[in-house]
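To convert, note that position 75 of the sequence shown is 75 in the UniProt record's numbering; the numbers rise steadily by one, no gaps. Notes for the one structure printed next.
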Amino acid sequence: MSSSPDIAGILDNTKELDRLRKEQEEVLVEINKMHKKLQATPEIVEKPGDTSLSKLKNLYIQAKELSESEVTVSNILLTQLDALLPSGPTGQQRRKLEGNEQKRKRMKVDSDVTRVSPSMRNQIEAYASLKGEQVAARVTAEDAEKDEWFVVKVIHFDRETKEVEVLDEEPGDDEEGGGQRTYKLSMSCILPFPKRNDPSSTQEFLPGKHVLAVYPGTTALYKATVISTPRKVSFLLHHFKLISTMYLLEFDDDEEDGALPQRTVPFHKVVALPEGHRQ
Numbered sequence: 001m002s003s004s005p006d007i008a009g010i011l012d013n014t015k016e017l018d019r020l021r022k023e024q025e026e027v028l029v030e031i032n033k034m035h036k037k038l039q040a041t042p043e044i045v046e047k048p049g050d051t052s053l054s055k056l057k058n059l060y061i062q063a064k065e066l067s068e069s070e071v072t073v074s075n076i077l078l079t080q081l082d083a084l085l086p087s088g089p090t091g092q093q094r095r096k097l098e099g100n101e102q103k104r105k106r107m108k109v110d111s112d113v114t115r116v117s118p119s120m121r122n123q124i125e126a127y128a129s130l131k132g133e134q135v136a137a138r139v140t141a142e143d144a145e146k147d148e149w150f151v152v153k154v155i156h157f158d159r160e161t162k163e164v165e166v167l168d169e170e171p172g173d174d175e176e177g178g179g180q181r182t183y184k185l186s187m188s189c190i191l192p193f194p195k196r197n198d199p200s201s202t203q204e205f206l207p208g209k210h211v212l213a214v215y216p217g218t219t220a221l222y223k224a225t226v227i228s229t230p231r232k233v234s235f236l237l238h239h240f241k242l243i244s245t246m247y248l249l250e251f252d253d254d255e256e257d258g259a260l261p262q263r264t265v266p267f268h269k270v271v272a273l274p275e276g277h278r279q
């Protein structure tokens with residue numbers, strides 16, 4: 001009976017997967033309709049006020065989001081199923097174990113005591129794999145007036161206490177004693193950054209969405225509003241042409257001459273705005 005919550009979770013995610021696929025089919029039908037319309041009357045896009053291309057773009061954005069959600073839910077289902085599949089001995093070995101009633105009961109008691117939910121186990125493994133990586137960390141206390149987030153490096157994860165030890169490699173000049181500082185923070189105070197070498201696997205924030213992003217030239221993160229989704233920007237560095245995928249953002253409280261300047265930030269320095277963020 002102990003696995004029933006896991007089964008219920010699998011069924012819920014299966015329903016969600018089915019819903020996402022149905023939505024994708026509906027969006028695909030609309031995209032095909034728009035294609036036929038534009039093929040039959042391509043001159044319509046030149047008429048003042050026509051929104052055909054804008055509608056088509058929005059449909060493709062919707063299709064992309066649904067597809068990414070489908071991948072996410074599918075990966076969750078795979079993880080849930082892996083957690084439920086037996087990983088112990090098989091065949092003749094299993095039959096021998098099952099024949100020993102006392103040993104079977106003892107194993108059951110031990111497994112019940114040490115059982116960790118699949119979702120928590122996955123989360124623990126994900127945070128353990130962050131060692132050596134840069135992440136966003138909230139270093140202020142829960143009751144602080146404002147939340148302060150900085151780029152730090154993970155140096156250790158304690159599986160027992162679920163604490164993440166991080167190193168602030170570039171503390172501000174006003175830090176007591178100067179130099180680098182370490183913090184021990186709960187998992188809820190850590191936000192992993194997207195993988196910089198794989199933009200396609202990261203969550204895309206649409207225009208108007210509030211995010212937390214590294215302010216250019218600093219290691220501090222602030223609340224910002226997305227102006228445009230990531231676009232590739234090329235630039236020269238030591239005579240080499242580099243391409244980076246950048247968001248165009250407006251940071252809160254970044255007013256210059258009565259307006260908010262729009263700043264470019266690499267996609268791998270932008271994360272979802274935490275719920276209840278104080279700034």
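All residues carry an ideal CB built from backbone N, CA and C; glycine is no exception.
Per DSSP, S200 lies in no alpha helix (DSSP H) and is assigned neither H nor E. In the structure shown, the three-state DSSP call for L78 is helix.
Comparing alpha carbon positions, the residue from T264, V265, A224 closest to L273 is A224. If you look at Y183, you'll find it in the beta strand (DSSP E) that goes 181-186. For E163, there is no enclosing alpha helix (DSSP H); the residue is found in the beta strand (DSSP E) stretching over 163-168. Residue range 190-192 is occupied by the beta strand (DSSP E) that includes I190. In the DSSP annotation of this structure, the continuous segment of the beta strand (DSSP E) that includes I155 starts and ends at 149-158. Residue environment for I155: exposed (fewer than 16 other C-beta atoms within 10 angstroms of its C-beta). Annotation: the continuous alpha helix (DSSP H) that includes Q123 extends over 118-128. The three-state secondary structure of Y215, taken from DSSP, is coil. Per the C-alpha coordinates, the member of D12, D158, L56 positioned closest to L185 is D158. Counting along the chain, the unbroken beta strand (DSSP E) around V265 starts and ends at 263-266. Annotated as proximal: I44 and S52, with beta-carbon spacing under 7 Å.
Annotation: E65 to K15 spans about 18 Å, alpha carbon to alpha carbon.
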